[in-house]
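Under numbering that gives the first Met the number 0, read the sequence shown as residues 0 to 149, first letter to last.
Heads up, the beta-carbon is just placed ideally off N, CA and C, and yes, glycines get one too.
All values reported here derive from a predicted model rather than from experimental measurement.
Only one structure is covered here, and it is reproduced in the block below.
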Amino acid sequence: MNYLQQYINYFKNPSKTDLSNFSSEMQEALREEQADFESDGMTFDVEPVKIKETREEKKKHICHHYTGSFIYGFIKDGIFHDIPGDLTSKSERKANEDGTYTFYEDKVTGKIIAMSETLAGNSIGSVGKNKKGLWIVLFIIFVGIYWWIK
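Here it is in structure tokens:
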């Protein structure tokens, strides 16, 4: 399943894009993001140019990485801008960013629960935090208190 293409298609034509592979939380977040662009009179414009897709198994989810070159920006009043938020950045529509889009698929539900990208550093959703670090900190505090009392 090409989750990147579904994501891109959603911003091009939200009413005709099937998001059933995305969790309800992700669907809501995408709707909010689309509404923000729409309220500003913009269309988010991202297109993969040369992409390599890889799949990485984790304990609770599967990471789908799409790495390569992208045309990345937005369109306002028919003009392509490669720097979102900067209307003075009118430019030719060409590959202007290298990076990775990662979609996190929950192994239990089979739905996309989060997405992150390195082009602008955006992310939607959460894959949860590893609590191993918290336990290490608590252990160190406990040992410190034990040695202090002793």
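Residues near residue i in its chain [Cβ-Cβ closer than 7 angstroms; skip 5 each side]
{"i": "Arg92", "result": "Ile70 and Phe79"}
{"i": "Gln26", "result": "Leu18"}
Unbroken beta strand (DSSP E) run spanning residue i, endpoints
{"i": "Ala28", "result": "Segment Ser23 to Ser38 is the alpha helix (DSSP H) holding Ala28; no beta strand (DSSP E) there."}
{"i": "Lys75", "result": "His60 to Lys75"}
{"i": "Lys11", "result": "First-last for Lys11: Tyr2 to Lys11, but that is the alpha helix (DSSP H), not the beta strand (DSSP E)."}
{"i": "Ser122", "result": "Ser122 to Gly124"}
{"i": "Glu91", "result": "Careful: Glu91 lies outside any beta strand (DSSP E) and carries neither H nor E."}
DSSP three-state assignment for residue i, whether helix, strand or coil
{"i": "Ile50", "result": "strand"}
{"i": "Ser115", "result": "strand"}
{"i": "Ile78", "result": "strand"}
Nearest to residue i (by Cα), restricted to the options the options
{"i": "Ile61", "options": "Asn8, Phe10, Val107 and Ile123", "result": "Val107"}
{"i": "Gly72", "options": "Leu86, Asp105 and Lys59", "result": "Leu86"}
{"i": "Ser68", "options": "Asn1, Lys11, Gly77 and Val48", "result": "Val48"}
Spatial distance of residue i from residue j (CA atoms)
{"i": "Ala119", "j": "Glu96", "result": "9 angstroms"}
{"i": "Ala28", "j": "Ile111", "result": "12 angstroms"}
{"i": "Ser34", "j": "Phe43", "result": "Note that residue 34 corresponds to Ala in the displayed sequence, not to Ser. When rounded, the distance between both Cα atoms is 11 angstroms."}
{"i": "Thr66", "j": "Thr101", "result": "8 angstroms"}
{"i": "Pro13", "j": "Ser38", "result": "14 angstroms"}
Close beta carbons around residue i, own chain, < 6 angstroms, minus the five adjacent residues each side
{"i": "Lys75", "result": "Gly40 and Met41"}
{"i": "Thr16", "result": "Asn8 and Tyr9"}
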